[in-house]
Structures are given as structure tokens and as C-alpha cells.
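> According to this note's numbering, the sequence shown holds residues 41 to 192 in order. For each residue, glycine too, the CB sits at the ideal point set by N, CA and C. So that we are looking at the same thing, I have put the structure below in C-alpha cells.
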Amino acid sequence: MSEQVTIKLKRLSNEFADIQLPSYATEGSAGMDIRAAVKDQLIIEPGKAALVPTNISVEIPMGYEIQVRPRSGLAANHSIGILNSPGTIDSDYRGEVKIILMNFGDQPFIIHRGDRIAQLVVSKVYSAKIVESENLNSSQRGEGGFGHTGKK
């Protein structure tokens, strides 16, 4: 069993009390499914993005974050992804969790009330101490990047 972290969650409106809270679909799931809190439906046109409400805010312990990741089924079957993937919910954010969904496809995509729209993954955060330096240690790779090793 993996380590558990307690995340406090608040529903922002009773209007959406019927929508299931974020939850793991299976025992081995890394991400919790989060659902759309829309009145009836929301249509995302091809090539457009939408900020989808969830009706929840969270309190994440210091030293953790929640990563917002796309759902593979939405990506594979409908070309729907998360524009800033992965999104980050910081431990000090208390506003509504909203998901930036992007329609990369060529057909309008309809989101219905309570649809699973993304996954939330709780992750440990490490802080970095930045030290300015005139010199960096060399490495075998050096400055090579952006596909410099080729395709095969």
C-alpha cells in the first residue's frame, strides 16, 4: 500500500451536491478522477479550450501538490487534452479547481454534468536552492538537446 496524505476538500455550492467527489477508480490507480460541475452541458469547439469548473476547492499539506493530468480515454477517443499538462494545484491555493480542457480534434466535444474530465495525482514537492555559478561541471551529453541523438 502506498503512503497516504490527507487532502481536505470543500464543495463550493450545494447545487452540484449530486456530483461525485474525486476518487480512485481502482485500487491501483495513481490518479483520482475529477468531474465536471456544469449545469447541463458544455461544448468545446474544435481548436478551442474551455475552463471547466469542478465545484471544489482543496487544502493540500505543505510539501505536496496535486498534478492535473489528462484522461487517456478522452485523448485517444476524442482528442481532448489538458492545455497546461500537467497542471499544478499548489498547497497554498484555495480557489475553485478548474480544468483547462483543449479540443485538439475536428469535432465539437460535449461535456455533460458529472463527466470525468481529468485525473488528480498527489505528488511530493522538493524545493531547490539556486546557486549562481560561473562554471558548471561538464557531462557526456554537454549542450546537446532537441533530438540531437537522432530518431533511432
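Do the stretch 124-131 and the stretch 90-104 meet, that is, are 3 or more Cβ pairs less than 8 Å apart?
yes
> At which residues does the beta strand (DSSP E) containing residue 97 begin and terminate?
96-99
> Determine the direct distance from the alpha carbon of residue 178 to that of residue 73, and round the result to whole angstroms.
43 Å
> Give the secondary structure of residue 103 by DSSP, where H, G and I count as helix, E and B as strand, and everything else as coil.
coil
> Does the beta-carbon of residue 82 have 16 or more other beta-carbons within 10 angstroms, so that it is buried, or is it exposed?
buried
> Considering only the beta carbon of each residue, do residue 49 and residue 98 sit closer than 8 Å?
yes
> Got a sec, what are the start and stop residues for the beta strand (DSSP E) residue 163 sits in?
Residue 163 -> beta strand (DSSP E) spans 156-164.
> Using the beta-carbon count (16 or more within 10 Å), is residue 158 buried or exposed?
By the neighbour-count criterion, in which 16 or more other beta carbons inside 10 Å mark a residue as buried, residue 158 falls on the buried side.
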